[in-house]
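Chemist: Please see the structure below; I have some questions.
2 protein chains.
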Amino acid sequence: MVKVGILGVGTVGRSVARILIENGDIIEARAGRRIVPVIGAVRNLDKKRDVDIALTDNPADVVDNEDVDIVVELMGGVEEPYRWVGRALKNGKAVVTANKALLAYHRYELQELAGDTPLFYEASVAGGIPVIGALRNGLSANHIESIEGIMNGTCNYMLTRMIKEGAAYEDVLAEAQSLGYAEADPTFDVGGFDAAHKLLILGSIAYGIDAKPEDIVIEGIENITQTDVEFAREFGYEIKLLAIAKRNEKGVEMRVHATMIPQESMIAKVDGVMNAVSVMGDRVGETLFYGPGAGGDATASAVIADIVEIVRGNSGPMLGYKKGLESGLKLLGKDEIVSQYYLKLKVEDKPGVLAAVSSKLGDFGISIESMLQKPSRVEGKVRLLFTTHLCEEKKITMAMEELSRLDVVDEKISMIRIEK
Amino acid sequence: MVKVGILGVGTVGRSVARILIENGDIIEARAGRRIVPVIGAVRNLDKKRDVDIALTDNPADVVDNEDVDIVVELMGGVEEPYRWVGRALKNGKAVVTANKALLAYHRYELQELAGDTPLFYEASVAGGIPVIGALRNGLSANHIESIEGIMNGTCNYMLTRMIKEGAAYEDVLAEAQSLGYAEADPTFDVGGFDAAHKLLILGSIAYGIDAKPEDIVIEGIENITQTDVEFAREFGYEIKLLAIAKRNEKGVEMRVHATMIPQESMIAKVDGVMNAVSVMGDRVGETLFYGPGAGGDATASAVIADIVEIVRGNSGPMLGYKKGLESGLKLLGKDEIVSQYYLKLKVEDKPGVLAAVSSKLGDFGISIESMLQKPSRVEGKVRLLFTTHLCEEKKITMAMEELSRLDVVDEKISMIRIEK
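Chains as they are written, first to last, in my numbering: chain R, -13 to 406; chain G, -13 to 406.
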């Protein structure tokens, strides 16, 4: 019998305990041994939890417990779980965590701490989709050329509603909040930070890049408007919040932002709260992994998969490599990105303005792929919508700065990156 | 250093040897040890192979070779590879195979033979997509409710062309043959047998069902016409060759056939030669795995992933369970299937015919979901197209038999199953 202790018995923790009990027979058939949840640590012992395990309000009762073989960390936060996970590993206990923030900041220290003790984290990225297993194991023969993921269900739900129904950002946000898909303060989701944490984890497995959230471009969907959505559709794109890791000759780009992608690509077809991760390997080509990115039972499914792996005696290095993965490959700076761009400007509706704007783009060596002029709701103004060919991000940034200084151009210029 | 011997150095075998060499550094970083291909067995030593390993025409030089740690079986066929794989296992060598036919017939004997020696087979289903890993490991917390897979790229390519371009079956088959997607004798692909072999493997991992090809419904796409495709689209369906394993209260249905599926489902969006497998777990919900189902490098990517797992010391039971997986769950007979159905009849264009046909369906308790009458190319005839609500397959079979005996109905009635 294998005994599991759980740090944090909220929605996911409760699902883990329940599934281990309710699906106990099939899990035993697969793992080879019975797996039993024995104790859970919670902050507030008075809260009713409807789960059939002993409860404590002291995490030490779990991580120092001689009766516990595997510790499941579902506390949330960064520094507190880091201490408890470290202590569990020191006690020789295998650990499973679903905590992406913890890993975004401490995955390399944790790999060091773990040594040969298993530390698994399938649930930390894309919830129930076994994408970490795919990247760590299934695609191990490949140099990874790119990862593009829809890894935040809240953003994807909101964008889907905006695209399919023409709903406005504010309305879908309010609705997402009332449905429980978005928090009262939605910044962590709609600002791209949640997706960025997940991207950093995948970036380590694919490229061995030791980066922190502050090292990469993180933008959200707050500025996406109906005009953008309509233009995108007109030109054959959908808009998705993508987390992207991508290698070129110079290094690895890592970034999270709203992105226009061709409607016919598989990842563009992922709607609603679902998640998907597309991985391009140099040998396998494109693979894509799709499923629920959140929810108690879906996340618990991934947590238990890790527990089963541990019980089977499987391990391998925590981040999928021992040393020298893609040696010499470095994270590129935020302005070293190369992409295609969509630009939206509001300008005076008078002769010569289009020429002035396009010649300014030309000055920076930015080559225009398509252009559309649309009436503005403001009298005497029009909207200019451009897409560019591939160009360096710093050129776009400089061009946007200079354009915004022109008398005939409104100060606020929108930019959305395009990936093909 | 880990030494690999290869039985069968064709397209995939050559890719395995080449990738192990060309991506040797990154594979070593992930596996923890250098993996080197050392010898390959071929039928004809005179053929040029452009691969840098020793060659022999005696498989015993590979499986009995003290220098070989892992044997990769890529010979094709059933009984011959079964003997060599058995001998390799007996010699204590770990084995990786991509041979779905071998596993369709001998997976349980092989699991027995292997014991604790690793025998991996990720490449046998859906080529480069790590779907066996997902099912064996990533979804191990779940009772599997259903598996629906597009697991034959040839059929999917042909159906996509028929759907998107209105091309006729014969024309796309000829084209698929000229592109090398289909064999001169295409029966194995278009008749559904290839997909069935793969389904049997997944059925073991998901349900522990020990079945052979002859035990399950296997139909192909040979009878799909443009009328079917057009009707399907009109009613919001795509037509795909699906391999389906599905549990209900009575047992497990396993079947391969052309299937109408709702256009908005993810698997309906899989076009061309690509493969995808949708798995419904009782806890995780729907997950889907998409990618290339064939090709030398893509298949080799999966073979090498298995080798890396073996080198890392990972194993677990070959079919994902030790004993008692879903105990008591049995394979349902071919006529115990429950589905929705599309029926296409050619009938006399005269009063009372529609009533006669629909009342005959009513006699069998078959309830009609939608109906469409279309002109036929034959003078004095019309086409009747029906879709039914859920009903037992034996009722449909009997109804079709009786309908075909009516004077006003042409003998040949087409049926396509519908899955939602």
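Here a beta-carbon is modelled for each residue, glycine too, at the ideal position from N, C-alpha and C.
All values reported here derive from a predicted model rather than from experimental measurement.
1) Note the first and the last residue of the continuous alpha helix (DSSP H) segment covering G/F174.
2) Rounded to the nearest angstrom, how far is the Cβ of G/A127 from that of G/L317, given a contact under 8 Å?
3) Would the beta-carbon of G/I247 be found less than 7 Å away from any heavy atom of the ligand SAM?
4) Indicate the three-state DSSP secondary structure (helix, strand or coil) for R/S345 in the structure shown.
5) Any contact of the region 298 to 305 of chain R with the region 90 to 99 of chain R, i.e. 3+ C-beta pairs under 8 Å?
6) Answer yes if the region 248 to 260 of chain G comes into contact with the region 273 to 292 of chain G, meaning at least three C-beta pairs across the two stretches below 8 Å, and no otherwise.
7) From the DSSP output, read off the bridge partner residues of R/M246.
8) What residue ranges within the region 93 to 162 of chain G form continuous alpha helix (DSSP H) runs of no fewer than 4 residues, ordered along the chain?
9) Consider the Cβ of R/R219: report whether some Cβ of chain G lies at a distance smaller than 8 Å.
10) Look at the alpha carbon of G/L392 and the alpha carbon of R/D268, and state the distance between them as a whole number of angstroms.
11) Alpha carbon to alpha carbon, how far is G/C377 from G/E387?
12) Starting from G/I12, find everything on chain R with Cβ-Cβ shorter than 7 Å and list it in chain order.
13) Give me whichever residues DSSP pairs with R/V294 in a beta bridge.
14) Give, in chain order, every residue of the region 353 to 379 of chain R whose Cβ lies closer than 9 Å to some Cβ of chain G.
15) To the nearest angstrom, report how far apart G/P172 and G/E161 are at their CA atoms.
16) Is the region 73 to 80 of chain R touching the region 2 to 12 of chain R, taking contact as three or more C-beta pairs under 8 Å?
17) How far does the beta strand (DSSP E) with R/T42 in it extend, from its first residue to its last?
18) Just the chain G side, please: which residues come within less than 8 Å of R/S287 by C-beta, in chain order?
19) Do G/I230 and G/Y328 have their CB atoms nearer than 8 Å?
20) Is G/T83 buried or exposed, if buried means 16 or more other CB atoms sit within 10 Å of its CB?
21) Taking the C-alpha atoms as reference points, what is the distance between G/I404 and G/E224?
22) Measuring straight from C-alpha to C-alpha, what distance separates R/Y155 and R/M148?
23) In whole angstroms, what is the alpha-carbon distance linking G/V158 and G/G63?
24) Can you tell me whether R/H183 is buried or exposed, with buried defined as 16 or more other CB within 10 angstroms of its CB?
25) Would R/R363 be called buried (16 or more neighbouring beta carbons within 10 Å of its own) or exposed?
26) Can you tell me whether R/Y276 is helix, strand or coil according to DSSP?
27) Would you call the CB atoms of R/L358 and R/F217 closer than 8 Å?
28) Pick helix, strand or coil for R/Y68, following the three-state DSSP scheme.
29) Terminal residues of the continuous alpha helix (DSSP H) containing G/K381?
30) When you compare the CB of G/D283 with every CB in chain R, is at least one pair closer than 8 Å?
31) By Cβ distance, which residues of its chain are closer than 6 Å to G/E14, with the 5 residues on each side in sequence left out?
32) Return the CA-CA distance between G/S313 and R/G178, expressed in angstroms with no decimal places.
33) Please tell me whether R/T211 has its Cβ less than 8 Å away from any Cβ of chain G.
34) How should G/N138 be labelled, buried or exposed, when 16 other C-beta atoms within 10 angstroms of its C-beta is the threshold for buried?
35) Which residues of chain R have a Cβ atom closer than 8 Å to the Cβ of G/T273, listed in chain order?
36) Report the rounded CA-to-CA distance for G/R122 versus G/A192, giving the unit in angstroms.
Modeler: On the basis of the data shown:
1) Reading the second sequence from its first residue, position 188 is the one you call residue 174 of chain G. According to the DSSP assignment, G/F174 belongs to the alpha helix (DSSP H) that extends over T173 to V176.
2) Locating residue 127 of chain G in the second sequence gives position 141, where the first residue counts as 1. Locating residue 317 of chain G in the second sequence gives position 331, where the first residue counts as 1. Not a contact, Cβ separation roughly 24 Å.
3) Only the bare structure without any ligand can be found here, which leaves the ligand SAM out of the picture.
4) Counted from its first residue, the first sequence places residue 345 of chain R at position 359. If DSSP states are grouped into helix, strand and coil, R/S345 belongs with the helices.
5) By the Cβ test, the region 298 to 305 of chain R is in contact with the region 90 to 99 of chain R, since at least three Cβ pairs between them sit closer than 8 Å.
6) They touch, by the three-pair rule.
7) Stepping through the first sequence from its first residue, residue 246 of chain R is reached at position 260. BP columns for R/M246 point to R/I225 and R/I404.
8) Here the runs fully enclosed are 139 to 151.
9) Taking the first residue of the first sequence as position 1, residue 219 of chain R is located at position 233. For R/R219, the answer is no, since every Cβ of chain G falls outside 8 Å of its Cβ.
10) Within the second sequence, the letter at position 406 stands for residue 392 of chain G. Within the first sequence, the letter at position 282 stands for residue 268 of chain R. If I take the Cα positions, the gap works out to 59 Å.
11) Here residue 377 of chain G is taken as the residue at index 391 of the second sequence, counted from 1. Here residue 387 of chain G is taken as the residue at index 401 of the second sequence, counted from 1. Counting only the Cα atoms, G/E387 lies some 16 Å from G/C377.
12) Taking the first residue of the second sequence as 1, we reach residue 12 of chain G at position 26. Contact annotation for G/I12 against chain R: H129, L311 and E312 [CB-CB distance below 7 Å, chain order].
13) The residue labelled residue 294 of chain R in the question sits at position 308 within the first sequence. BP columns for R/V294 are empty, so no partner.
14) Answer in chain order: no residues at all.
15) For the purposes of this step, residue 172 of chain G is identified with residue 186 of the second sequence, where counting begins at 1. For the purposes of this step, residue 161 of chain G is identified with residue 175 of the second sequence, where counting begins at 1. Take the alpha-carbon of G/P172 and the one of G/E161: they are about 12 Å apart.
16) The region 73 to 80 of chain R vs the region 2 to 12 of chain R: no contact.
17) Within the first sequence, residue 42 of chain R is the residue found at index 56, counting from 1. Unbroken beta strand (DSSP E) run through R/T42: A40 to T42.
18) Within the first sequence, numbered from 1, the residue matching residue 287 of chain R stands at position 301. Those within 8 Å of R/S287 in chain G are L125, A127, N128, G267, R269 and V270.
19) Counted from its first residue, the second sequence places residue 230 of chain G at position 244. Counted from its first residue, the second sequence places residue 328 of chain G at position 342. For G/I230 and G/Y328, no; Cβs fall outside 8 Å.
20) Counted from its first residue, the second sequence places residue 83 of chain G at position 97. Buried.
21) Within the second sequence, residue 404 of chain G is the residue found at index 418, counting from 1. Within the second sequence, residue 224 of chain G is the residue found at index 238, counting from 1. Rounded to the nearest angstrom, the two C-alpha atoms are 10 Å apart.
22) Stepping through the first sequence from its first residue, residue 155 of chain R is reached at position 169. Stepping through the first sequence from its first residue, residue 148 of chain R is reached at position 162. Going by the C-alpha atoms only, they are around 7 Å apart.
23) Position 172 of the second sequence holds residue 158 of chain G. Position 77 of the second sequence holds residue 63 of chain G. Spanning the two alpha carbons is a distance of roughly 28 Å.
24) The sequence position of residue 183 of chain R within the first sequence is 197, counting from 1. Per the 10 Å Cβ criterion, buried.
25) Indexing the first sequence from 1 puts residue 363 of chain R at position 377. Result: exposed.
26) Position 290 of the first sequence, counted from the start, is the residue given in the question as residue 276 of chain R. It is a strand residue.
27) As a first step, residue 358 of chain R must be located in the first sequence, where it is residue number 372. As a first step, residue 217 of chain R must be located in the first sequence, where it is residue number 231. Closer than 8 Å, so yes.
28) Taking the first residue of the first sequence as 1, we reach residue 68 of chain R at position 82. In this structure, R/Y68 counts as helix in the three-state DSSP scheme.
29) What you label residue 381 of chain G is simply residue 395 of the second sequence in a count that begins at 1. Counting along the chain, the alpha helix (DSSP H) containing G/K381 begins and ends at E379 to R391.
30) Locating residue 283 of chain G in the second sequence gives position 297, counting from the first residue. It does; some Cβ of chain R falls within 8 Å.
31) In the second sequence, residue 14 of chain G corresponds to position 28, counting from 1. The residues R20, in chain order, have a CB closer than 6 Å to that of G/E14 in the same chain once the five nearest residues on each side in sequence are set aside.
32) The residue given as residue 313 of chain G occupies position 327 in the second sequence. The residue given as residue 178 of chain R occupies position 192 in the first sequence. If I take the Cα positions, the gap works out to 45 Å.
33) Working through the first sequence from its first residue, we reach residue 211 of chain R at position 225. Taking CB atoms only, R/T211 has no neighbour in chain G less than 8 Å away.
34) Here residue 138 of chain G refers to the residue found at position 152 of the second sequence. G/N138 sits buried, since 16 or more C-beta atoms from the chains shown fall within 10 Å of its C-beta.
35) Working through the second sequence from its first residue, we reach residue 273 of chain G at position 287. Neighbourhood of G/T273 in chain R, by CB distance below 8 Å: G114, I115, P116, F275, Y276, G277 and P278, in chain order.
36) For the purposes of this step, residue 122 of chain G is taken as residue 136 along the second sequence, with counting starting at 1. For the purposes of this step, residue 192 of chain G is taken as residue 206 along the second sequence, with counting starting at 1. Distance between the alpha carbons of G/R122 and G/A192: 8 Å.
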